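Peer 1:
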Amino acid sequence: MEEKKLDINSLIGFLLIGGILLWMLYMNPSAPDEAEQTTTEQVTTPDVSQATAQPEAIPSDSAAVAQAASRLGAFGYSATLPSASDAETTVGNDVLELSITNKGGYISEAKMKNYKTYDSIPVYLVKDNNAAFNISFTTTDGRVLNTQDMYFEPTVTKNGENTVVSMKLKVSPNEFLEYRYVLKPGEYMMDFSIRSQGLNDVFNSTAPLTLDWKLKGYRHAKSIPYENRYTKLVFEYEGGDDDDIADGTEEAEDVSYVAYKQHFFSSILLTDTPFAKGEFVSEDLVEDEEVDTVYTKAFASTFPLELKGGELNYNMNWYYGPSDYKILNDYDKNLDEILPLGWGIFGWINRYVFIPLFSFITEYMGYGLAIILMTVLIKIVLSPVQYKQYLSQAKMKVLRPEINELNEKYKDNPMKKQQETMKLYSKAGASPMSGCLPALVQLPVFYALFMFFPSAFQLRQKGFLWADDLSSYDTIAQLPFYIPFYGDHVSLFPILASIAIFIYMMMTTGQSMQNMQQPGMPNMKFIMYLSPLFMLIFFNNYASGLSLYYLTSNLITIGIMLVIKNFIIDEDKIHAKIQENKKKPKKQGKFARKMQEMMEQAEQQQKQKGKK
Numbered sequence: 001m002e003e004k005k006l007d008i009n010s011l012i013g014f015l016l017i018g019g020i021l022l023w024m025l026y027m028n029p030s031a032p033d034e035a036e037q038t039t040t041e042q043v044t045t046p047d048v049s050q051a052t053a054q055p056e057a058i059p060s061d062s063a064a065v066a067q068a069a070s071r072l073g074a075f076g077y078s079a080t081l082p083s084a085s086d087a088e089t090t091v092g093n094d095v096l097e098l099s100i101t102n103k104g105g106y107i108s109e110a111k112m113k114n115y116k117t118y119d120s121i122p123v124y125l126v127k128d129n130n131a132a133f134n135i136s137f138t139t140t141d142g143r144v145l146n147t148q149d150m151y152f153e154p155t156v157t158k159n160g161e162n163t164v165v166s167m168k169l170k171v172s173p174n175e176f177l178e179y180r181y182v183l184k185p186g187e188y189m190m191d192f193s194i195r196s197q198g199l200n201d202v203f204n205s206t207a208p209l210t211l212d213w214k215l216k217g218y219r220h221a222k223s224i225p226y227e228n229r230y231t232k233l234v235f236e237y238e239g240g241d242d243d244d245i246a247d248g249t250e251e252a253e254d255v256s257y258v259a260y261k262q263h264f265f266s267s268i269l270l271t272d273t274p275f276a277k278g279e280f281v282s283e284d285l286v287e288d289e290e291v292d293t294v295y296t297k298a299f300a301s302t303f304p305l306e307l308k309g310g311e312l313n314y315n316m317n318w319y320y321g322p323s324d325y326k327i328l329n330d331y332d333k334n335l336d337e338i339l340p341l342g343w344g345i346f347g348w349i350n351r352y353v354f355i356p357l358f359s360f361i362t363e364y365m366g367y368g369l370a371i372i373l374m375t376v377l378i379k380i381v382l383s384p385v386q387y388k389q390y391l392s393q394a395k396m397k398v399l400r401p402e403i404n405e406l407n408e409k410y411k412d413n414p415m416k417k418q419q420e421t422m423k424l425y426s427k428a429g430a431s432p433m434s435g436c437l438p439a440l441v442q443l444p445v446f447y448a449l450f451m452f453f454p455s456a457f458q459l460r461q462k463g464f465l466w467a468d469d470l471s472s473y474d475t476i477a478q479l480p481f482y483i484p485f486y487g488d489h490v491s492l493f494p495i496l497a498s499i500a501i502f503i504y505m506m507m508t509t510g511q512s513m514q515n516m517q518q519p520g521m522p523n524m525k526f527i528m529y530l531s532p533l534f535m536l537i538f539f540n541n542y543a544s545g546l547s548l549y550y551l552t553s554n555l556i557t558i559g560i561m562l563v564i565k566n567f568i569i570d571e572d573k574i575h576a577k578i579q580e581n582k583k584k585p586k587k588q589g590k591f592a593r594k595m596q597e598m599m600e601q602a603e604q605q606q607k608q609k610g611k612k
């Protein structure tokens, strides 16, 4: 690598710019005081004139200054402006307040005006240096510069009802790199653009030019592990595909947006011109839930930028706001994909059934009652499926004595026992699978609801009964110690839901499990207890709204089963009908006939082997 030496032109340029700077200080002795005043001054939106930092008068030989500065690595002119300080420009609308720092020109503070954390502090997505935004580039004289280390000149104007903040990193009055922010009334989404003017001879087009965006997510919720579970980096790439990272690294091409999702709040950068490539990092910062209580995860994204005609020109958007499906979906930029609503049919059910239904119900009642009513409606819709499931269980219960006889009669011939059992099912018009199919039909609904409640922003900080926040766990007792996987508190809704699940399982599977118990098999009754126990432990730190749903759902299911058993299904009539079906000739289908033939052939082969 060739060693750089100070040539005569650089020496002359250095002396020239030094002389001009001394002349400016001599002619304008008040400049240092003005710069110091700008450092401590915060600008607010209502008075636009105060928010606009005007540059000092440009000396007549500014061209010489710019030329000399360019030789020294460019952007030396910016260091002579009053904005060369750590002052911040503060703007806002009715939902969002932003501070943009002169040093680096990026958003140094983003506050949600209408939301607070679990401990009643305003929600900040950006604050106290938890974020950084930087463009790194190489100049034509070989210097590597970072915008986060240089000073931008702020200008605030009004364009109708919109507030426009222009941050310019200047080489000269007409040569600059500009970040332009446009904040609209009532919007969490703002327009953002990066453009340069007159810098085609400053950027080294053969060297990498990259954009880096970093952010450490603040904790906003009561339960650190629950919030962290839904805190992820999400990105869209290749025209509509999306992926997420909880802890690790990823790369993608043609990236159109990247979202730092902090469960119920998100910071999103979108671009009209997709980045050719993106490198993403998500790091879990919570190793000890008792110690690591400030941040959840650290996110970082790196993108290469492309010059067009030697200049930068990117139209983008910033979003700082709630992870609310309705708000994100209304932007029509596929931002609803950052919410974990489930893939395939599960996501479809949430988007087109549960989210609209829940939004409609909550217009007329509180959120706790809305969960109960929605659960009732879902159970009513699924009641025909549950009826078929219980009818199948009743048939199997009636046939149980005959099946036990077959098991005893052919206990030494498993193949024959299977054949005779299938014949019995076929004649009686019953099948063990007929009880499983209705259960499988309900699974998409149950899983969709499992994904819906943790993503329902409407539940955030909404109380019901003893739960003060349906989006977090309820607490009826605080433990003086921490239990792994369980926590340091006792939640009542998971306890009640576990009891309801246990009763339901006893009613539906308790007796059949004991009858199916075979020597050498695990204790099925013990296994039956695992589901309520899992519910009790796992959901202690989950949203109380989800536990309320499971409690209500199982209570309704138990009620429906009691009604079906006592008032709808008559087991004596079922038994009589089965006996009639057994007397009727039963035409086998192709599949059943093929299975019968295969089993008979297998039995014949087994007999032939026994004779040898």
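In this text, residue positions in the sequence shown follow full-length UniProt numbering: the first is 1, and each later residue adds one. Just so you know, even glycine gets a beta-carbon here, dropped at the ideal spot from N, CA and C. Note that this is a predicted model, so its numbers are computed, not measured.
Return the chain-ordered list of same chain residues with a C-beta closer than 6 Å to the C-beta of Ser256, the five sequence neighbours on each side being excluded.
Peer 2: In the sequence shown, counting from the first residue as 1, residue 256 sits at position 256. So the list reads Glu236 and Pro274, once near-sequence residues are dropped.
Peer 1: What is the rounded straight-line gap between the Cα of Ser99 and the Cα of Phe203?
Peer 2: As a working mapping, residue 99 is identified with position 99 in the sequence shown. As a working mapping, residue 203 is identified with position 203 in the sequence shown. Cα to Cα, Ser99 sits roughly 28 Å from Phe203.
Peer 1: Per the contact definition of three or more C-beta pairs closer than 8 Å, is the segment 368-375 in contact with the segment 216-232?
Peer 2: No contact exists between the segment 216-232 and the segment 368-375.
Peer 1: Take the Cβ of Val91 as the centre, count every other Cβ of all protein chains shown within 10 Å, and call the residue buried at 16 or more, exposed below.
Peer 2: Counted from its first residue, the sequence shown places residue 91 at position 91. It is buried - the Cβ of Val91 has at least 16 other Cβ atoms within 10 Å.
Peer 1: For Met365, report the span of its alpha helix (DSSP H) as first-last.
Peer 2: If you number the sequence shown from 1, residue 365 lands on position 365. Unbroken run through Met365: none, as it is neither H nor E.
Peer 1: Between Ala300 and Lys214, is the Cβ-Cβ spacing less than 8 Å?
Peer 2: Numbered from 1 along the sequence shown, position 300 holds the residue referred to as residue 300. Numbered from 1 along the sequence shown, position 214 holds the residue referred to as residue 214. Against a cut-off of 8 Å, the Cβ pair of Lys214 and Ala300 comes out as a contact.
Peer 1: Considering Cα atoms alone, identify which of Phe192, Leu328, Gln148 and Ile135 is closest to Thr210.
Peer 2: Locating residue 210 in the sequence shown gives position 210, counting from the first residue. When only C-alpha atoms are compared, the closest one is Ile135.
Peer 1: Taking its Cβ as the centre, do 16 or more other Cβ atoms sit within 10 Å of Met365, making it buried, or is it exposed?
Peer 2: Along the sequence shown, read from residue 1 onward, the residue named residue 365 stands at position 365. Looking at its Cβ environment, which holds fewer than 16 other Cβ atoms inside 10 Å, Met365 is exposed.
Peer 1: Rounded to whole angstroms, what's the CA-CA distance from Glu306 to Leu312? Just pull it up for me.
Peer 2: On the sequence shown, residue 306 is found 306 positions in, with the first residue counted as 1. On the sequence shown, residue 312 is found 312 positions in, with the first residue counted as 1. So the two alpha carbons sit approximately 7 Å from each other.
Peer 1: With a cut-off of 8 Å, do at least 3 Cβ pairs link the segment 464-472 to the segment 530-547?
Peer 2: Of all C-beta pairs linking the segment 464-472 to the segment 530-547, three or more are shorter than 8 Å, placing the two stretches in contact.
Peer 1: Report the residue from Tyr529, Glu178 and Asn174 whose alpha carbon sits nearest the alpha carbon of Gly198.
Peer 2: Within the sequence shown, numbered from 1, the residue matching residue 198 stands at position 198. Out of Tyr529, Glu178 and Asn174, Asn174 has the C-alpha closest to the C-alpha of Gly198.
Peer 1: Quick one, which of Ile495, Pro225, Gly559 and Ile564 has its alpha-carbon nearest Ser531's?
Peer 2: For the purposes of this step, residue 531 is taken as residue 531 along the sequence shown, with counting starting at 1. Of Ile495, Pro225, Gly559 and Ile564, the residue nearest in Cα terms is Ile495.
Peer 1: Spatial neighbours of Asn114 within its chain, please: C-beta separation below 7 Å, excluding the five flanking residues on both sides.
Peer 2: As a first step, residue 114 must be located in the sequence shown, where it is residue number 114. Contacts found: Val95.
Peer 1: Using alpha carbons as the reference points, say which of Pro384, Phe446 and Ser267 lies closest to Ile564.
Peer 2: Start at 1 with the first residue of the sequence shown, and residue 564 comes out as number 564. Checking every option, the nearest Cα to that of Ile564 belongs to Pro384.
Peer 1: Expressed to the nearest angstrom, what Euclidean distance is found between the alpha-carbon atoms of Asp119 and Gln458?
Peer 2: On the sequence shown, position 119 is the one that residue 119 refers to. On the sequence shown, position 458 is the one that residue 458 refers to. The straight-line gap from Cα to Cα measures roughly 18 Å.
Peer 1: Measuring alpha carbon to alpha carbon, tell me which residue in Tyr549, Glu250 and Leu335 is nearest Leu377.
Peer 2: Taking the sequence shown and counting its residues from 1, one reaches residue 377 at position 377. Answer by Cα proximity: Tyr549.
Peer 1: Taking only beta-carbon positions, decide if Ser267 is within less than 8 Å of chain D.
Peer 2: In the displayed structure, chain D is absent; only one protein chain is listed.
Peer 1: Anyone know if the C-beta pair for Lys417 and Leu399 falls short of 8 Å?
Peer 2: Taking the sequence shown and counting its residues from 1, one reaches residue 417 at position 417. Taking the sequence shown and counting its residues from 1, one reaches residue 399 at position 399. The answer is no: Cβ separation not under 8 Å.
Peer 1: What runs of the alpha helix (DSSP H), each 4 residues or longer, lie entirely inside the segment 320-381?
Peer 2: Counting only runs of 4 or more, we get 325-330, 345-349 and 355-361.
Peer 1: What does the alpha-carbon distance come out to for the pair Gly347 and Glu287?
Peer 2: Translated into the one-based positions of the sequence shown, residue 347 becomes position 347. Translated into the one-based positions of the sequence shown, residue 287 becomes position 287. So the alpha carbons of these two residues sit roughly 32 Å apart.
Peer 1: Ala51: buried (16+ other C-beta within 10 angstroms of its C-beta) or exposed?
Peer 2: In the sequence shown, the residue the question calls residue 51 occupies position 51. With a pLDDT of only 38 at Ala51, under the threshold of 50, the placement of this residue in the model should not be trusted; the figure read from the coordinates follows. Ala51 is buried by the Cβ-count criterion.
Peer 1: Nearest by alpha-carbon distance to Glu178: which of Gly105, Thr138, Ser223 and Glu187 is it?
Peer 2: Taking the sequence shown and counting its residues from 1, the one referred to as residue 178 is at position 178. Here the closest residue by C-alpha is Gly105.
Peer 1: By Cβ distance, which residues of its chain are closer than 7 Å to Arg351, with the 5 residues on each side in sequence left out?
Peer 2: Working through the sequence shown from its first residue, we reach residue 351 at position 351. Excluding residues within five positions, the ones whose Cβ falls inside 7 Å are Leu341.
Peer 1: Is Pro384 helix, strand or coil when you go by DSSP?
Peer 2: Indexing the sequence shown from 1 puts residue 384 at position 384. Looking at Pro384 - three-state DSSP - the assignment turns out to be helix.
Peer 1: Would you mind working out which of Leu555, Leu546, Tyr319 and Thr552 sits nearest Glu97, comparing C-alpha positions?
Peer 2: As a working mapping, residue 97 is identified with position 97 in the sequence shown. Nearest C-alpha to Glu97: Tyr319.
Peer 1: Check Arg180 in the structure and name its three-state DSSP category.
Peer 2: The residue labelled residue 180 in the question sits at position 180 within the sequence shown. Three-state DSSP puts Arg180 in a strand.
Peer 1: May I ask which residues mark the beginning and end of the alpha helix (DSSP H) holding Asn93?
Peer 2: As a working mapping, residue 93 is identified with position 93 in the sequence shown. For Asn93, no alpha helix (DSSP H) encloses it, and the DSSP letter there is neither H nor E.
Peer 1: CB-CB under 7 Å to Ile537, same chain, minus the five flanking residues each way: which ones, in chain order?
Peer 2: Here residue 537 refers to the residue found at position 537 of the sequence shown. Phe485 and Tyr486, listed in sequence order.
Peer 1: To the nearest angstrom, how far is it from the Cα of Leu145 to the Cα of Tyr151?
Peer 2: Numbered from 1 along the sequence shown, position 145 holds the residue referred to as residue 145. Numbered from 1 along the sequence shown, position 151 holds the residue referred to as residue 151. C-alpha separation (whole angstroms): 12 Å.
Peer 1: Which runs of the alpha helix (DSSP H), 4 residues or longer, sit entirely within the segment 164-224?
Peer 2: none
Peer 1: Look at the Cβ atom of Lys409, then the Cβ atom of Ile560, and state whether they are nearer than 8 Å.
Peer 2: Walking along the sequence shown from the start, residue 409 turns up at place 409. Walking along the sequence shown from the start, residue 560 turns up at place 560. No, the Cβ-Cβ distance between Lys409 and Ile560 is not below 8 Å.
Peer 1: Using a Cβ-Cβ cutoff of less than 6 Å, which residues in the same chain neighbour Ser491 once the five nearest sequence positions on both sides are dropped?
Peer 2: By one-based count along the sequence shown, residue 491 stands at place 491. If we look at Ser491 and ignore the five residues flanking it on each side, its Cβ neighbours are Tyr473, Asp474 and Asn540.
Peer 1: Go ahead and label Glu153 buried or exposed: buried means 16 or more other beta carbons lie within 10 angstroms of its beta carbon, across all protein chains shown.
Peer 2: Numbered from 1 along the sequence shown, position 153 holds the residue referred to as residue 153. That one is buried.
Peer 1: Is Ala110 helix, strand or coil by DSSP?
Peer 2: As a position in the sequence shown, residue 110 is number 110, starting the count at 1. Strand, per DSSP.
Peer 1: Can you tell me whether Gly321 is buried or exposed, with buried defined as 16 or more other CB within 10 angstroms of its CB?
Peer 2: If you number the sequence shown from 1, residue 321 lands on position 321. So Gly321 ends up on the buried side.
Peer 1: Could you please give the first and the last residue of the uninterrupted beta strand (DSSP E) stretch that includes Ser301?
Peer 2: Position 301 of the sequence shown, counted from the start, is the residue given in the question as residue 301. Tyr295 to Pro304 is the extent of the beta strand (DSSP E) around Ser301.
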